[in-house]
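Asks:
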Amino acid sequence: MNTTLFARTPTTASISGTRARLEIDGHFYGPAAVRLIGRDHELIDSFVPAQLDGGLCYEAAEAARCIAAGRLESDLMPLDETLQITRVLDGIRGDLGVAFPGE
99 MNTTLFARTP
109 TTASISGTRA
119 RLEIDGHFYG
129 PAAVRLIGRD
139 HELIDSFVPA
149 QLDGGLCYEA
159 AEAARCIAAG
169 RLESDLMPLD
179 ETLQITRVLD
189 GIRGDLGVAF
199 PGE
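Quick note on our numbering: the sequence shown kicks off at 99 and runs consecutively.
1. Would Ser144 and Ala131 qualify as a contact pair, given that the criterion is a beta-carbon distance under 8 angstroms?
2. Go through the region 110-174 residue by residue and report every complete run of the alpha helix (DSSP H) that reaches 4 residues or more, in order.
3. Helix or strand or just coil, what does DSSP make of Arg191?
4. DSSP on Val186, reduced to helix/strand/coil?
Have a look at this one:
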């Protein structure tokens with residue numbers, strides 16, 4: 099897996115499994131189209147999300163809802179779960195020897 103926030107990349111994504119792969123066009127955080135491709139490179143299924151320009155729009159809407167309600171965290175993604183996910187990702191980065199500038 100490779101990722102960067104410091105270089106200009108196509109920002110597409112491909113997720114591969116043993117029987118098929120997902121190809122995500124456009125910005126992976128606000129995809130223009132998603133295709134399910136089989137082992138023999140045949141198109142199994144595809145769809146275009148209804149909102150094409152809304153990368154992170156759901157997260158921003160939930161944050162705005164919580165702030166307006168005077169809440170410090172969301173029931174959809176509680177702080178403890180966020181911290182647990184962050185610890186797992188930090189552990190993976192550590193195992194891979196990945197460090198970001200300033201760490």
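Where a beta carbon is used, it is the ideal one built from N, C-alpha and C, also for glycine. Being a predicted model, the structure only gives us computed values, none of them experimental.
Replies: The relevant details are as follows:
1. Closer than 8 angstroms, so yes.
2. Unbroken alpha helix (DSSP H) stretches of 4 residues or longer found wholly inside the region 110-174: 155-166, given in chain order.
3. The answer is helix: DSSP assigns Arg191 an H, G or I state.
4. Looking at Val186 - three-state DSSP - the assignment turns out to be helix.
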